[in-house]
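Undergrad: Encoded as structure tokens, here's the structure I'll be asking about.
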Amino acid sequence: HPILELIRARVAAGTRPSRHGDGARLGLAVEGGGMRGCVSAGMVTALHRLGAADAFDAVYGSSAGCLVGAYFISRQTNGTAVYHDVLPEAGARFLDKSRLVAALGATTSMRPRAWAGLRPRLPHDVFNLDFLMTTVVGRLWPLDWTSFWANNRHQPLNVVVSGLLSMDSHTLTSAKGHFATLPELARCMRASMLVPGMTGPLVTFPGHQPFADALIFEPMPYRSAAADGCTHVVVLRTRPDGSQVGAFARSCYE
1 HPILELIRAR VAAGTRPSRH GDGARLGLAV EGGGMRGCVS AGMVTALHRL
51 GAADAFDAVY GSSAGCLVGA YFISRQTNGT AVYHDVLPEA GARFLDKSRL
101 VAALGATTSM RPRAWAGLRP RLPHDVFNLD FLMTTVVGRL WPLDWTSFWA
151 NNRHQPLNVV VSGLLSMDSH TLTSAKGHFA TLPELARCMR ASMLVPGMTG
201 PLVTFPGHQP FADALIFEPM PYRSAAADGC THVVVLRTRP DGSQVGAFAR
251 SCYE
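Its first residue numbered 1, the sequence shown is counted upward by one per residue in full-length UniProt numbering.
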């Protein structure tokens, strides 16, 4: 396969991201899906172990995929523990299923354009993104910001979000001025994971529309990679072969 040959050549040459000199731009697109992030987290760990992390020129993450991508860029191979250890142990501090019915009752009758009018915080958040972004990413299993920021210069993270007014996907990046600190990156990732009405208030950046979970318009971010100039894209899928992705094949959660 031409992508495998490209990766092998780059690994053999030992070149660095965005400095390969082969005329190609190789993107890594990481699918989201809540706790299915444990699947893509295992995949990026395999890429690390194979010595292929530097073969990619940019990373694109949707929902849980952006957090997996952030740990990939920081070269923290133990970042998978967030999904197989930290969050399962957290239980209702992160995922409170008892609030699901009440949260759905607050949103099922709303049209997409009405999401922007949600009050600052509903009392029935099912997913506690404050716990994930502040407690886990900031303290319990901290993202190595120094390493991330250094690597992000040449292997940038593109956080994919859904625009609730334009009704399409967008990317949040450091090059566009969306983040330059860990708290700012956490805010971008929050937007990519934010299910309207179930995970707290919508995220709006100055001069932008409200943003929410990438799964609404681009759960598998290969289109963002192509639009960004990637000539080749490796997609890390969190669904099994044969699964359909899109508005015609959603789980109860989606």
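All C-beta atoms in this analysis are idealised placements derived from N, C-alpha and C, irrespective of residue type, glycine included.
From this set, G23, Y71, Q155, P219, which residue's C-alpha is nearest L182's C-alpha?
TA: Here residue 182 refers to the residue found at position 182 when the sequence shown is read from its first residue. Checking every option, the nearest Cα to that of L182 belongs to Y71.
Undergrad: Which partner residues does P210 have in the DSSP bridge list?
TA: In the sequence shown, counting from the first residue as 1, residue 210 sits at position 210. P210 pairs with T204.
Undergrad: Have a look at T134, R36, A52, A175 and flag the residue whose alpha-carbon is nearest the alpha-carbon of residue 257.
TA: There is simply no residue 257 to check, as the chain begins at 1 and stops at 254 in what is shown.
Undergrad: Can you tell me where the beta strand (DSSP E) holding G27 begins and where it ends?
TA: For the purposes of this step, residue 27 is identified with residue 27 of the sequence shown, where counting begins at 1. It spans 26 to 30 - the beta strand (DSSP E) in which G27 sits, taken as one unbroken run.
Undergrad: Please name the residue, chosen from V68, V203, G27, A52, that lies closest to residue 261 on a Cα-to-Cα basis.
TA: Nothing about residue 261 can be reported from this structure: the residues present for the chain run from 1 to 254 only.
Undergrad: T146 to G69, Cα distance in whole Å?
TA: Within the sequence shown, residue 146 is the residue found at index 146, counting from 1. Within the sequence shown, residue 69 is the residue found at index 69, counting from 1. Going by the C-alpha atoms only, they are around 15 Å apart.
Undergrad: Determine which residues share a DSSP beta bridge with T173 and list them.
TA: As a first step, residue 173 is located in the sequence shown; it is residue number 173 there, counting from the start. Looking at the DSSP assignment, T173 forms no beta bridge with any residue, so it has no partner.
Undergrad: Have a look at P120 and L202 and give me their C-alpha separation to the nearest angstrom.
TA: Walking along the sequence shown from the start, residue 120 turns up at place 120. Walking along the sequence shown from the start, residue 202 turns up at place 202. With a pLDDT of 45 at P120, under the threshold of 50, the predicted position of this residue should be treated as unreliable, and no value is reported.
Undergrad: Between the beta-carbon of G79 and the beta-carbon of V30, is there less than 8 Å?
TA: To locate residue 79, count along the sequence shown from 1; it is residue 79. To locate residue 30, count along the sequence shown from 1; it is residue 30. Not in contact: G79 and V30 (Cβ atoms no closer than 8 Å).
Undergrad: Per DSSP, which residues does L162 bridge with? Please list them.
TA: Residue numbering aside, residue 162 sits at position 162 when the sequence shown is read from its first letter. Correcting the residue type first, residue 162 is Ser in the shown sequence and not Leu. In DSSP, S162 forms a bridge with S169, A212.
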